[in-house]
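Down below is the structure, laid out as structure tokens.
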Amino acid sequence: MARTSQFCTFYLDKLLFGVELRGVQEVIRSLEMTRVPLAPSVVSGLINLRGQIVTAVNLRRRLELQPAPAGTRAMNVVVRSEDGAVSLLVDEIGDVVEVEETSFEAPPETLRGSVRNVILGVHKLKDRLLHVLDIEKACEMSET
Amino acid sequence: MQTTLPPIDYRMNDGDIVKDFLVESYENLDRLDRDLVGLEKNPRDRDALAGIFRTIHTIKGTCGFLGFGNLEKVAHVGENLLTRLRDGQLTLNPEITTGLLGMVDVVRQMLSQIESTGKDGESDYPDLREKLTRLQQPGAGGGQKTSPASPGATPGTVSRNPGPTSPAKAHSTEAAATGKPGHEARRHVAETPQPAMPRSAEEVDGQHILQSPAAQASASESTVRVHVGLLDKVMTLVGELVLARNQVLQFSSRMRDPAFLAASQRLNLITTELQEGIMKTRMQPIGNIWNQFPRTVRDVALSCGKQVEIEMEGKETELDKTIIEAIKDPLTHLVRNSVDHGIELPAERVKKGKDPNGRLKLRAFHEGGQVNIEISDDGAGLNEERIRAKAVERGVMSSEQAARMSEREIFNLIFLPGFSTAEKVTNVSGRGVGMDVVKTNVERIGGSVDLQSVAGQGTTIRVKIPLTLAIIPALVVTCGGDRYAIPQLSLLELVRLEADKVAQGIELVHGAPVYRLRGRLLPLVYLERELQLSADAAPGADGAVNVVVLQAGDRQFGLVVDQINDSEEIVVKPLRKQLKTIKTFAGSSIMGDGKVALILDVLGLAQRASVITESHERALNERAAEGSGTAEKQTFLLFSGPGGSRMAIPLSTLARLEEFPVSQIEMSGSQWVTQYRGQILPLVRLNIVLEERRAKLRALQIPPSPDSGPIQVLVLNHEGRSFGLVVEQILDIVEDRAEVRMEATRASVLYSVVIGERVTELLDIPAILRSAESNMARHSAVAGGAEATP
Chain A
1 MARTSQFCTF
11 YLDKLLFGVE
21 LRGVQEVIRS
31 LEMTRVPLAP
41 SVVSGLINLR
51 GQIVTAVNLR
61 RRLELQPAPA
71 GTRAMNVVVR
81 SEDGAVSLLV
91 DEIGDVVEVE
101 ETSFEAPPET
111 LRGSVRNVIL
121 GVHKLKDRLL
131 HVLDIEKACE
141 MSET
Chain B
1001 MQTTLPPIDY
1011 RMNDGDIVKD
1021 FLVESYENLD
1031 RLDRDLVGLE
1041 KNPRDRDALA
1051 GIFRTIHTIK
1061 GTCGFLGFGN
1071 LEKVAHVGEN
1081 LLTRLRDGQL
1091 TLNPEITTGL
1101 LGMVDVVRQM
1111 LSQIESTGKD
1121 GESDYPDLRE
1131 KLTRLQQPGA
1141 GGGQKTSPAS
1151 PGATPGTVSR
1161 NPGPTSPAKA
1171 HSTEAAATGK
1181 PGHEARRHVA
1191 ETPQPAMPRS
1201 AEEVDGQHIL
1211 QSPAAQASAS
1221 ESTVRVHVGL
1231 LDKVMTLVGE
1241 LVLARNQVLQ
1251 FSSRMRDPAF
1261 LAASQRLNLI
1271 TTELQEGIMK
1281 TRMQPIGNIW
1291 NQFPRTVRDV
1301 ALSCGKQVEI
1311 EMEGKETELD
1321 KTIIEAIKDP
1331 LTHLVRNSVD
1341 HGIELPAERV
1351 KKGKDPNGRL
1361 KLRAFHEGGQ
1371 VNIEISDDGA
1381 GLNEERIRAK
1391 AVERGVMSSE
1401 QAARMSEREI
1411 FNLIFLPGFS
1421 TAEKVTNVSG
1431 RGVGMDVVKT
1441 NVERIGGSVD
1451 LQSVAGQGTT
1461 IRVKIPLTLA
1471 IIPALVVTCG
1481 GDRYAIPQLS
1491 LLELVRLEAD
1501 KVAQGIELVH
1511 GAPVYRLRGR
1521 LLPLVYLERE
1531 LQLSADAAPG
1541 ADGAVNVVVL
1551 QAGDRQFGLV
1561 VDQINDSEEI
1571 VVKPLRKQLK
1581 TIKTFAGSSI
1591 MGDGKVALIL
1601 DVLGLAQRAS
1611 VITESHERAL
1621 NERAAEGSGT
1631 AEKQTFLLFS
1641 GPGGSRMAIP
1651 LSTLARLEEF
1661 PVSQIEMSGS
1671 QWVTQYRGQI
1681 LPLVRLNIVL
1691 EERRAKLRAL
1701 QIPPSPDSGP
1711 IQVLVLNHEG
1721 RSFGLVVEQI
1731 LDIVEDRAEV
1741 RMEATRASVL
1751 YSVVIGERVT
1761 ELLDIPAILR
1771 SAESNMARHS
1781 AVAGGAEATP
């Protein structure tokens, strides 16, 4: 039997992304956020997650995608990074998918720039590609 | 022989066992250091010996079990030596102590190796083992045979302390042991079951308690080791519970159902208690860091050929864990310094007629929501003239300025950066290197350091620190629609400029906005602009400008914000590592409504706004200059005291002015009191405080004369307590520099100063309070509180 892994998937700018399920703490609807002045632009703000203060990362900006249209309420995918919990802001939550490791492929050489560090590769699903993100890299907040 | 292994949990794997072994061993080793030094002073304390033996034996046993062969070998020789000591075949002497301490160091080294590599290293330390084996021979190092334990020294009984230390003047079992660090650690097991033994406070006074192994076992069973991470998590959840409770209470205020109201009331009480309980779990006794000091003192004293005894009082004083960690290094530094520079060589001490053994005393106690830690030595004290001369020589100030400075101001110069390191003030006069670092570290956690010294008699350093860093009082302000918290610690005052005053109140120095605060220019920093919230800093909606006057290091500046909300206690949560690089924020906190607010780092903000750019050198000069007399204008309240003398207090110390008819004055003992705002306000009569001793006692008993008119009272707040000062007549409020000063001619007076062109006595409020308190406490004895120096 082929080895499989589970991914928590979500959408950003209509693209399908996923992080390994075991790195995900929880998924929650949008929470009220406090902005952090002077912080790197990928930091959207701080949220109160049951008394724990969690930094929210604007994943669209992290992945150099177009900013979300005004008025979009982002969802929080809270992941466990080395430095505690971090919330990744996404447009929409997808399913949990189980994929065989054989369907994985590294990103093409033509994918360039800093995004290459964040995207580990893709899983070829039946109808589309699942972009696999490196949780640690996605949580990095310094300007790239 | 029983082998004490760490309790094995069925879920545990080897890694956990090793981790537990390490934690336990480190703790035991810390105690060992202390016990060994204590034992050296009192070699017949079989019980302490037994404790040391147990620790090493446990380490040896566990090592064998876990397969750390080399460590086992080292522990084994140590154990052999200890067996002979325990059985009375050898007596402890300095050489054996040094050998055993050396073994402790090696064991510690090996443990840290196990921690980092998982192995106990290659070496089995043959030199050390050889040395320890040699020490086992009777006669080696001058060891002699001892008689078996003296009668009464059997475990579980109270025996008279044969040591040379002075009997601790304490009235409780707990405090009785404080003079002997080696024993105090086991203070908690003093409650040995001894029904036959009457143990009144007097009897225990000056004695120390030996405990039985059984009692020790029960003490360890009553505690559980908990990971700090878990505690923090529980605390976070309790914080959330508090918020949920608040919401329920808000909701319940609209409900009529009595059962629901009762339930929410219960929820309220339980939550509050739970919160307090959780806060307490983070508290640790300061003894945890003091325990290493006997060893530190021994090592330093030995290396500089001195004889020093260390005394500790108040080891059980509790502090938040984070604070304990933060003050560990500064305290160690101060202790080392006291031994190194404070206490003289034995020969010198004898020449001065002192005991060749120097005394170092550590004292900790709670006072006014803060913890005070005192480190005092009976050494040579600071040489005031030396420091004064050095200050002038180093160009810190002119000789005129130096001459004007008080002794206390001079002493505190040693905390200035570079003052002690560059020149050898220390070798001649007292204190050491890096006192500025001590001061900086203590101030970073909101504490303060003060120093008092009497030439020839010693030096006392007093460190005041807050109880906890986790919860701080803060002022909440709004700026650009978000709330920010400013730690109250750096807050000086709030200024509101009404719309019509803004134009004339805020001036520009070549574009840089300033505000004239009592005649001095206060640089203004616009928070909105500094945080790049928006480009222009328009005044608030009503046109008024809110200025928060802050202290950053030596500097003051005004922070302009949109709105000042309220001051509240906030729970500080650190920022994520990557956000810590933003120096403007000290952390974050969850506000009452569940939203997150950032806590401003005043120092970081000041640096960002370039309020602080000067080098230390300039700050140094300014601080020195400030202390020496270019006083800014102060506002004083003038009044006439007993006999029509003209007196003043700084207006800032005054809470209110009140007038009470004599009928409202009541007597509480010999103390005049009155009911004021739901409290009992003690009334301090100036004529009594200032009176000579004998007259004071007589005057104290006199109740107010019923036919005299209403009395004038200044209500003052001092260290969180209110008291009323009875004066003859209130004269005026004046602003003056009060520069011309003369030493006070009587106690309770700070200076005689010229205010409003007339000589006025400036009162010393703390001294008056002390004096009044000592009168209250000892109204039948001769009162002497007023003589205490401030």
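Residue numbers (our numbering), protein chains in the order written: chain A, 1 to 144; chain B, 1001 to 1790.
All C-beta atoms in this analysis are idealised placements derived from N, C-alpha and C, irrespective of residue type, glycine included.
The structure displayed is predicted, hence computed values, not measured ones.
Counting C-beta neighbours from all protein chains within 10 Å, is the total for phenylalanine 1723/B 16 or more, i.e. buried, or is it exposed?
buried
According to a CB-to-CB cut-off of less than 7 Å, which residues of the segment 1580 to 1597 of chain B neighbour chain A?
Ile1582, Thr1584, Ser1588, Ile1590, Gly1594, Lys1595, Val1596 and Ala1597
Chain A contact residues for aspartate 1482/B, given Cβ-Cβ distances below 7 Å:
Thr34 and Arg35
Let me see if you follow: with CB-CB separation under 9 Å, is methionine 75/A close to chain B or not?
no
Residues in the segment 49 to 67 of chain A having any Cβ partner in chain B nearer than 9 Å:
Arg50, Gly51, Gln52, Ile53, Val54 and Thr55
Rounded C-beta distance between leucine 1797/B and valine 1549/B? I'm assuming under 8 Å.
In the structure as shown, chain B starts at 1001 and stops at 1790, and residue 1797/B therefore has no counterpart that could be examined.
Could you confirm whether any beta carbon from chain B is found closer than 9 Å to the beta carbon of isoleucine 47/A?
yes
Whole-number beta carbon distance between glutamate 32/A and glutamate 82/A, since they are thought to touch under 8 Å
Not confirmed; about 27 Å, so no contact.
The beta strand (DSSP E) spanning glycine 1358/B covers which residue range?
1358 to 1367
With 9 Å as the threshold, decide whether the Cβ of aspartate 134/A is near any Cβ in chain B.
no
With 16 other Cβ atoms within 10 Å as the buried cut-off, status of methionine 1312/B:
buried
Taking Cβ-Cβ distances below 7 Å as the criterion, which residues of the segment 70 to 94 of chain A are in contact with chain B?
Asp83 and Gly84
Which residues in the same chain as tyrosine 1125/B place their Cβ atom closer than 7 Å to its Cβ, once the five residues preceding and following it in sequence are excluded?
Val1074 and Val1106
Give the residues of chain B in contact with alanine 167/A, contact being defined as C-beta atoms less than 8 Å apart.
Outside the shown range of chain A (1 to 144) lies residue 167/A, about which nothing can therefore be said.
Does DSSP classify serine 1399/B as helix, strand or coil?
helix
Within-9 Å CB hit, arginine 1576/B to chain A
yes
Express the C-alpha separation of glutamine 1284/B and leucine 1382/B in angstroms, rounding to a whole number.
33 Å
Give the DSSP bridge partners of lysine 1464/B, in chain order.
Asn1372/B and Ser1448/B
Thinking C-alpha only, which one of Ala1606/B, Ile1059/B and Pro1466/B is nearest valine 966/B?
Given that chain B is displayed from residue 1001 to residue 1790, the structure contains no residue 966/B and the question cannot be resolved.
Report the partner residues of tryptophan 1672/B according to the DSSP bridge assignment.
Met1667/B and Leu1683/B
Which residues of chain B have a Cβ atom closer than 8 Å to the Cβ of valine 43/A, listed in chain order?
Leu1579
Buried versus exposed, by CB contacts within 10 Å (16 or more), tyrosine 1515/B
buried
Can you say whether alanine 96/A is buried or exposed, counting buried as having 16 or more other CB atoms within 10 angstroms of its CB?
A small correction: the amino acid at residue 96/A is valine; alanine does not occupy that position in the sequence shown. Counting Cβ neighbours within 10 Å, valine 96/A comes out exposed, since fewer than 16 surround it.
Taking the C-alpha atoms as reference points, what is the distance between valine 1238/B and isoleucine 1465/B?
25 Å
Best match in Val1734/B, Ala1364/B and Phe1585/B for proximity to leucine 1575/B [C-alpha to C-alpha]
Phe1585/B
Could you check the C-alpha separation between leucine 16/A and leucine 125/A for me, to the nearest Å?
10 Å
If you measure between the beta carbons of leucine 165/A and valine 19/A, is that distance less than 9 Å?
The structure shown does not extend to residue 165/A, since chain A is modelled only from 1 to 144, so the question has no answer here.
Any chain A beta carbon closer than 9 Å to aspartate 1276/B:
Note that residue 1276/B is glutamate in the sequence shown here, rather than aspartate. Glutamate 1276/B does not count as touching chain A.
Name the DSSP bridge partner or partners of leucine 1550/B?
Leu1491/B and Phe1557/B
Could you check whether the Cβ of serine 1771/B sits closer than 9 Å to any Cβ belonging to chain A?
no
Rounded distance between the beta-carbons of threonine 1097/B and glutamate 1040/B, thought under 8 Å
5 Å
Counting C-beta neighbours from all protein chains within 10 Å, is the total for aspartate 1329/B 16 or more, i.e. buried, or is it exposed?
exposed
In the DSSP assignment, the beta strand (DSSP E) including phenylalanine 1639/B goes from what residue to what residue?
1634 to 1640
Got a sec? Which residues, its chain only, sit under 7 Å from threonine 1078/B by beta carbon, not counting five neighbours each side?
With the sequence shown as reference, residue 1078/B is identified as glycine, and threonine is not the correct amino acid for it. Same-chain partners within the cutoff: Ile1056, Leu1100, Met1103 and Leu1132.
Are the beta-carbon atoms of glycine 121/A and glutamate 105/A separated by less than 9 Å?
yes
Excluding five sequence neighbours on each side, which residues of the same chain lie with their C-beta closer than 8 Å to the C-beta of aspartate 134/A?
Asn117, Val118, Ile119 and Leu120
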